[in-house]
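Chains as they are written, first to last, in our numbering: chain V, 773 to 1205; chain L, 61 to 558. No residue lacks a Cβ here, since even glycine has one placed at the ideal position from N, Cα and C. Read the structure below first, then the notes.
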Amino acid sequence: MSARTRELLILILVGLITATGFASVYIARQNEISPESLSYAGFFFVLYLIAHVVARFTVPDADSYLLPMAALLTAIGLTEIYRLGPTDALRQGLWVVIGVAAFAGTLITLRHDFRRLESYKYLFGLSALGLLFLPALPKIGHSVNGARLWVRIGSLQFQPGELGKIAMIVFLAAYLHSKQEVLAQGRPKDFGPLLAIWGCAMLVLVATHDLGSALLFFGIFLAILYLATARLLYVGVGLVLFLAGSAGVYETTAHVRDRVTIWLHPWTTQAIPCPGHTALMPRQECASYQLVKSLYSIAAGGFSGTGLGKGTFTLPSGGNLIPDLNTDFIFSALAQELGLVGIAAILLVFMLFTVRGFRIALVAGDGFSKLVCAGLTFGFALQTFIIIGGIVRLIPLTGITLPFISYGGSSVVANFILLAALMLISQRANEAA
Amino acid sequence: MNARVRFLALSSLVMLAALIVASTYWQAWAAPDLANKNDNAIRQISEFTIDRGRILAADGTVLARNHVVHTNNRTYYYRRYPLGALTAAAVGYATQNRSRTGLERSASDYLTGADQSLAGALKQIGDRLLGSTIHGSDIRLSLNLSAQRAAMNALGANCGAAVAIEPATGKVLVLASKPSYNPNDVENHYGRVLGIKSPSCKSASALIDRATQGLYPPGSAFKTVTAAAALDSGKYTPDSSFYDPGYCIDYKQRVNNFTNHDQQGPESFGNLPLSKAFEFSVNSVFCNIGNALGIHKLMDYARRFGFGDKPPIDLPSSSLQASGLYSHGRLLSPSEDGFGDPGRVAFGQGNLLVTPLQMAMVAATVANNGVLMRPHLVDEVIRRNGKVDKLAPQSLGRVIKPETAAELTQMMEAVVSGGTGTAAQIPGVRVAGKTGTAENGPGRPNTTWFIAFAPADAPRVAVAVVLENQTGTGGTTAAPIAREIMQAILASTANSNP
Chain V
773 MSARTRELLI LILVGLITAT GFASVYIARQ NEISPESLSY AGFFFVLYLI
823 AHVVARFTVP DADSYLLPMA ALLTAIGLTE IYRLGPTDAL RQGLWVVIGV
873 AAFAGTLITL RHDFRRLESY KYLFGLSALG LLFLPALPKI GHSVNGARLW
923 VRIGSLQFQP GELGKIAMIV FLAAYLHSKQ EVLAQGRPKD FGPLLAIWGC
973 AMLVLVATHD LGSALLFFGI FLAILYLATA RLLYVGVGLV LFLAGSAGVY
1023 ETTAHVRDRV TIWLHPWTTQ AIPCPGHTAL MPRQECASYQ LVKSLYSIAA
1073 GGFSGTGLGK GTFTLPSGGN LIPDLNTDFI FSALAQELGL VGIAAILLVF
1123 MLFTVRGFRI ALVAGDGFSK LVCAGLTFGF ALQTFIIIGG IVRLIPLTGI
1173 TLPFISYGGS SVVANFILLA ALMLISQRAN EAA
Chain L
61 MNARVRFLAL SSLVMLAALI VASTYWQAWA APDLANKNDN AIRQISEFTI
111 DRGRILAADG TVLARNHVVH TNNRTYYYRR YPLGALTAAA VGYATQNRSR
161 TGLERSASDY LTGADQSLAG ALKQIGDRLL GSTIHGSDIR LSLNLSAQRA
211 AMNALGANCG AAVAIEPATG KVLVLASKPS YNPNDVENHY GRVLGIKSPS
261 CKSASALIDR ATQGLYPPGS AFKTVTAAAA LDSGKYTPDS SFYDPGYCID
311 YKQRVNNFTN HDQQGPESFG NLPLSKAFEF SVNSVFCNIG NALGIHKLMD
361 YARRFGFGDK PPIDLPSSSL QASGLYSHGR LLSPSEDGFG DPGRVAFGQG
411 NLLVTPLQMA MVAATVANNG VLMRPHLVDE VIRRNGKVDK LAPQSLGRVI
461 KPETAAELTQ MMEAVVSGGT GTAAQIPGVR VAGKTGTAEN GPGRPNTTWF
511 IAFAPADAPR VAVAVVLENQ TGTGGTTAAP IAREIMQAIL ASTANSNP
């Protein structure tokens, strides 16, 4: 069986799972949604068939599991977004179309040799910085929950950091690939650019107030640095620098300090002062309201969950129990409706995707491809860890999106480009073999 | 470079695996804890999407039913209590804002259908998957509504409580506490419930179920337990002779009979048998018995009657109190120093505190030939498919020998026929009882008691009544209330139990 035929068969399976998901949401909530919305599943399947056909022509020998796994994750996300609010699902559906178009566009544009990107490395580096600092600009920059990650132009709103992340990985891979030998010798003057990157990560942290994005960028940077130079010492020094920088930001930035306090002590037994309110109240009803409500949602799912469409996310009066449920907190919505069984399955898909990504990096023939591929895959895994880890209280909560699942256009488009990149590298590696 | 890629892959997988571990922690390990947090709205709301079963009185009258509200495409089942305050002590309430109490809390598994057999549980999982509403089972209580009404009316404006039990089965027929509250007010008019005042007691605390939670000194009503211990130990018979000088020497101090408002007749009885001392509630005699038995022997018998632990009734543990010897609000265990003073405890003073439910269990045990039955309110569970599960009575074991019970019954009958409890007489029915009038300090009003059962020869009801802040005695204040409750029960069971 060819790689693409296997991909098609798995896609059909994913299509069936998607149809089941939409059908169960429809059965549970038929008094508020119309049967036409069931056509989502069909529409979705056709969309992925198109992606498959493009892949068949451009990357026939690429990994056959990545596209179906991405399809499954977007389908799970879209099903849950649809369950939480059918209007958001329509918009998300459009973003998935754009995402698939970006996927197809990337495959078609770079089908001959993606490695020529290496020569544009400074362009990538500059655009990465530009995209990262875009939200910090006055007028168009926009804060959500105290973190300045968004750009809003008219009614269009997106998180440029998502695309910035990919540009940054391409730049780092290209730069470190070219300086590999020099850096491995460890001469002080070669560390200039690295310190510059560290400085930039810290600037991002200060400018956007977001520990999560800073952690993500710096984590990716250290990973690629380690891959290119084989020096764990660099990683150690880097981590120390990052921790020192974070401590500094912790001391000076109230927002970051609050996040850490919420992480360590979400519940208080006593009423404490609450910013924006005159009355004293326990922290779980004030600063850590969102985190605590989300934990209740996860716990309510238990082992098997309430079933799709049967979870409790609104008060009898109609108000929302958990703010930002379909973006930052989609995991806790899924945890309530699918339970531990469903959540473990989703996390296993994330793990499988990561394994496939690293496998491509292992078989890739050249250093640049290896660095890009491993960097992108590591970024994917780290981003998943940072957002879900925040929700399950492993680390302080930060507002970044869950790859492929969260509601949000920039995230969907960026992840489809990442998918295309992995498949291009896979194609080249398999072709050579 | 591949070794480094593998290392990075391994680190990534460890990070993602940590997420599965953390999710398991929240969804399996910490879930019960989080479910009980009082700001956990999800749990509270989702419980109100279950079509809870009704709570019925013994005659089928609805005590709790659902009030169905459709909002925002969901159906919520809120609770309504058609009889309001009448049965609040037993039924309790289930609300979104104030969680649950009473049977609404302790019988929730029946009411939500969560107690099902495997087949039932599978159907419930099926219902959940299909998105259909979960239907709970109805429960039928043993509460006798006419007697409950009689008890609440007879308690009137007093602060106090009454419990009636069917001796042979442990079925609770009456569970009354005054002042009471309207459970329909709890959800949206909680202030009203908190604002309930009573002319008879300083802190009305209407939400306290005095029948199961109220701790009172039992006074002479406890002499029933002392007499049971005395007779059952074989050291005494009803004819054992005593000399009453009008006081007893306890810890080298004179304890006068005069302080015993319950006592009838002269201040000093001189020579008299145990049966007469019981009939006229002579403190000095019981003081001497207590000293002779010792505190451990005495409290060992009390423990057999159920003292020392919360009664195993089907109400939530949080609304129960254990009867026994207390010090500064803490229940003492027998191994502790200064456990109790046998002389004073023997006639129901000292550091002894009891609940009406416990005293009703004492009366019911004597009535049931010395065997204690587990008191229970839920009589049967009526499934949605019409299947009825009857809950079998449960014996908690023999407390005293049948002969002891028979002798004690005779002594208790004498109390009602010619002693301190004549106000409990019912024409044509032999009634056995014991009065109690506990002092709360000089110049302060008394706590009065009456425990009884009837008919003495074939008991169908055992009852305990307590009243706070009384100037009269147990015989004049509590005995008439006990009589009315017993009459109501005997009248309503006359047909079914010829």
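query: Give every residue of the same chain whose Cβ lies closer than 7 Å to the Cβ of residue 94 of chain L, excluding the five residues on either side of it in the sequence, and list them in chain order.; result: 100
query: How many angstroms separate the CA atom of residue 558 of chain L from the CA atom of residue 523 of chain L?; result: Caution applies to residue 558 of chain L, whose pLDDT of 39 falls short of 50 and renders its modelled position unreliable; the value that the coordinates give is listed next. Each residue's Cα considered, the two are about 20 Å apart.
query: Report all residues from its chain with a CB closer than 6 Å to the CB of residue 1109 of chain V; omit the five preceding and five following residues, and keep chain order.; result: 1077, 1078, 1080 and 1083
query: Can you tell me whether residue 849 of chain V is buried or exposed? The criterion is at least 16 other CB atoms within 10 Å of its CB, across all chains shown.; result: buried
query: Does residue 856 of chain V have its Cβ less than 8 Å from a Cβ in chain L?; result: no
query: So, is residue 1184 of chain V buried or exposed, given that buried needs 16 or more other C-beta atoms within 10 angstroms?; result: buried
query: Please name the residue in V:990, V:1004 and V:952 whose C-alpha comes closest to that of residue 1015 of chain V.; result: V:990
query: Rounded C-beta distance between residue 794 of chain V and residue 859 of chain V? I'm assuming under 8 Å.; result: Actually they are not in contact, since the Cβ atoms of residue 794 of chain V and residue 859 of chain V sit about 16 Å apart, beyond 8 Å.
query: Thinking C-alpha only, which one of L:230, L:416, L:305 and L:335 is nearest residue 367 of chain L?; result: L:416
query: To the nearest angstrom, how far is it from the Cα of residue 201 of chain L to the Cα of residue 437 of chain L?; result: 5 Å
query: I need the boundaries of the beta strand (DSSP E) containing residue 509 of chain L, first residue and last residue.; result: 506-514
query: Please report the straight-line C-alpha distance between residue 519 of chain L and residue 492 of chain L, rounded to a whole angstrom.; result: 9 Å
query: Is the Cβ-Cβ distance between residue 1189 of chain V and residue 1145 of chain V less than 8 Å?; result: no
query: Residue 812 of chain V: buried (16+ other C-beta within 10 angstroms of its C-beta) or exposed?; result: buried
query: With a threshold of 8 Å between beta carbons, is residue 270 of chain L in contact with chain V?; result: no
query: Apart from the five residues on each side of it in sequence, which residues of its chain come closer than 8 Å, Cβ to Cβ, to residue 880 of chain V?; result: 826 and 830
query: Between the segment 1087-1105 of chain V and chain L, which residues of the former have CB atoms less than 7 Å from a CB of the latter, in chain order?; result: 1087, 1088, 1090 and 1093
query: Mind pulling the chain V residues with CB within less than 8 Å of residue 136 of chain L?; result: 1088
query: Skipping 5 residues on each side, what residues in its chain have a beta carbon closer than 8 Å to that of residue 434 of chain L?; result: 230, 372, 373, 453, 454, 455 and 456
query: Within this structure, are the beta carbons of residue 640 of chain L and residue 307 of chain L separated by less than 8 Å?; result: The requested residue 640 of chain L does not occur in the structure, where chain L is confined to residues 61 to 558.
query: With respect to the alpha helix (DSSP H) encompassing residue 308 of chain L, which residues constitute its N-terminal and C-terminal limits?; result: Premise fails: residue 308 of chain L lies in the beta strand (DSSP E), 307-310, not in any alpha helix (DSSP H).
query: Reducing DSSP to helix, strand and coil, say where residue 92 of chain L ends up.; result: helix
query: If you draw a straight line from the alpha carbon of residue 906 of chain V to that of residue 923 of chain V, how long is it in whole angstroms?; result: 7 Å
query: Just confirm the distance between the C-beta atoms of residue 408 of chain L and residue 295 of chain L, as a whole number of angstroms; I'd bet it's less than 8 Å.; result: No, residue 408 of chain L and residue 295 of chain L are not in contact; Cβ-Cβ is about 20 Å, not under 8 Å.
query: Hey, residue 346 of chain L and residue 406 of chain L: beta-carbon distance below 8 Å or not?; result: yes
query: Would you identify the three-state DSSP class for residue 68 of chain L, choosing helix, strand or coil?; result: helix
query: Determine the closest residue to residue 1063 of chain V out of V:1017, V:1204 and V:1168, with distance taken between C-alpha atoms.; result: V:1168
query: Restricting to Cα atoms, I'd like to know which of L:463, L:535, L:529 and L:545 is closest to residue 515 of chain L.; result: L:545
query: Around the Cβ of residue 273 of chain L, are there at least 16 other Cβ atoms within 10 angstroms (buried) or fewer (exposed)?; result: buried
query: Whose Cβ in chain L lies nearer than 8 Å to the Cβ of residue 1017 of chain V?; result: Residues of chain L passing the Cβ test: none, with the nearest at roughly 21 Å.
query: Between residue 152 of chain L and residue 170 of chain L, how many whole angstroms is the CB-CB distance? I'm expecting something under 8 Å.; result: That pair is no contact at about 14 Å.
query: When we look at the beta-carbon of residue 238 of chain L and count the other beta-carbons within 10 Å, is it buried (16 or more) or exposed?; result: buried
query: Per DSSP, what kind of secondary structure is residue 931 of chain V in: helix, strand or coil?; result: coil
query: Going along the chain, which residues of its own chain have a beta-carbon closer than 8 Å to the beta-carbon of residue 370 of chain L, five neighbours each way excluded?; result: 377, 380, 381 and 382
query: Taking DSSP as the reference, what is the three-state secondary structure of residue 450 of chain L?; result: strand
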